[in-house]
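One structure below.
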Ligand code: PLP
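Listed below in C-alpha cells is the structure:
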C-alpha cells in the first residue's frame with residue numbers, strides 16, 4: 003500500500019520513522035481512526051476537527067492547515083484504490099533528543115495509512131459479543147484526558163489484555179468513581195424500556211463521532227437518548243447494550259460479567275439503529 007509520510011507517498015516497507023521520534027519515545031502524539039464506506043470518507047470533517055483539537059490541547063503544530071488535511075486523507079484513499087477502508091491518521095511530536103522536552107522537536111511528523119481492518123468477526127456482529135468490566139480505571143482529570151486522542155493508549159491496551167485474559171471480546175472501563183464510561187476503544191449505550199442511555203463524556207469518555215452519529219439517528223427514529231451516568235448494575239439489568247466506534251462500528255453486547263443481557267440476543271432497538279447506521283455511513287461521506 004501507499005502511505006502518506008510527511009508530504010510524500012511511500013511504499014509500506016519504506017514508511018519508517020526515526021527511533022528519536024517522541025511519538026515512539028513518549029507516546030507524544032495524536033491520532034484519528036477514520037472509515038471509508040463505498041468510497042465515502044465518513045465524517046471526515048468531524049475527525050479532522052477532533053485531530054486539530056487534540057493537537058492544540060497538547061501544543062503540537064500540525065504542518066498542514068485544517069483545510070488542507072481532508073484532501074491529504076482523500077488522496078491516500080484514492081492512491082490505494084480502496085472503496086472500503088480504515089484510515090489511521092497520526093501526528094507525532096517529531097524527532098528530538100532523549101529528553102522529554104517537546105521544544106527540541108522542531109517539526110511534527112504526519113502519516114496516513116489506509117488499509118482494511120476487521121475489529122470483530124462477522125458472526126459477533128450478528129450474535130453479539132461478551133464483555134467484562136476491567137480493573138483498570140479511567141482517570142478523567144489527569145494529562146491523559148480521554149478527550150485527547152493521544153498516542154498514549156497503554157490504559158486501553160491493558161484493558162484489551164484484561165478482556166483477553168477473561169476470555170471476553172471486550173472490556174468496559176469504569177472511572178475512579180465507579181461509573182461506566184466506555185470500552186477500550188468504543189463508547190457504550192444501554193437500552194432500557196426503549197430509552198437509550200450513554201454516559202456523559204465528562205465522566206471520562208472520548209466524545210465519539212460514532213456515538214454522536216448514533217444519537218442523531220436515534221433522534222431521527224424518535225428514540226429518546228439520555229446522557230446520564232450509570233453503574234455496572236444498570237448495564238447488567240439493561241434490555242440491550244451495544245458499543246460504538248469507528249473501528250468497531252456498532253456491535254451488540256450480549257453478556258457482561260457473566261450476566262446475560264436481555265434474552266442474550268441483539269435487541270430490536272440495536273438492530274433498528276444498526277440498519278440506520280449502515281445506511282448513513284454510505285450517505286454522509288466525503289467522496
Ligand atoms: N473511546 C475511545 C477510547 C476511542 O479510542 C474511540 C475510538 O476512536 C472511541 C471511544 C470511539 O470514537 P469514534 O466513534 O469517534 O471512533
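In UniProt numbering, the protein residues as written are 3 to 289. Here a beta-carbon is modelled for each residue, glycine too, at the ideal position from N, C-alpha and C. The model shown is predicted, which means the values in this text are computed figures rather than measured ones.
When the options are compared against residue i, the one with the closest alpha-carbon
i: residue 269; options: 9, 95, 233, 245; result: 245
i: residue 54; options: 26, 44, 91; result: 91
i: residue 103; options: 71, 61, 83; result: 61
i: residue 26; options: 94, 280, 126; result: 94
i: residue 75; options: 21, 126, 130, 10; result: 10
i: residue 241; options: 272, 259, 260; result: 272
Straight-line Cα distance separating residue j from residue i
i: residue 41; j: residue 194; result: 36 Å
i: residue 161; j: residue 58; result: 27 Å
i: residue 151; j: residue 243; result: 24 Å
i: residue 134; j: residue 250; result: 17 Å
i: residue 178; j: residue 136; result: 12 Å
i: residue 82; j: residue 153; result: 25 Å
i: residue 217; j: residue 106; result: 43 Å
i: residue 209; j: residue 148; result: 8 Å
i: residue 127; j: residue 69; result: 35 Å
Span of the beta strand (DSSP E) around residue i
i: residue 190; result: 189 to 194
i: residue 78; result: No beta strand (DSSP E) holds residue 78; the alpha helix (DSSP H) holding it covers 71 to 81.
i: residue 42; result: 42 to 44
i: residue 234; result: Not the beta strand (DSSP E): residue 234 falls in the alpha helix (DSSP H), residues 234 to 238.
i: residue 7; result: 4 to 7
Where the alpha helix (DSSP H) containing residue i begins and where it ends
i: residue 25; result: 24 to 28
i: residue 272; result: 270 to 283
i: residue 129; result: 124 to 129
Identity of the residues DSSP links to residue i by a beta bridge
i: residue 220; result: Residue 220 is not bridged to any residue.
i: residue 135; result: 174
i: residue 97; result: 23
i: residue 228; result: 199
i: residue 63; result: For residue 63, which the question treats as bridged, DSSP gives no partner whatsoever.
i: residue 140; result: 177
i: residue 39; result: 42
i: residue 88; result: 37, 117
i: residue 212; result: Per DSSP, none; premise fails for residue 212.
Any C-beta of chain D under 9 Å from that of residue i
i: residue 211; result: Absent here is chain D; the protein component of the structure consists of one chain.
The ligand GDP heavy atom lying under 8 Å from the CB of residue i
i: residue 35; result: For the ligand GDP, the structure offers nothing, since it holds only the ligand PLP.
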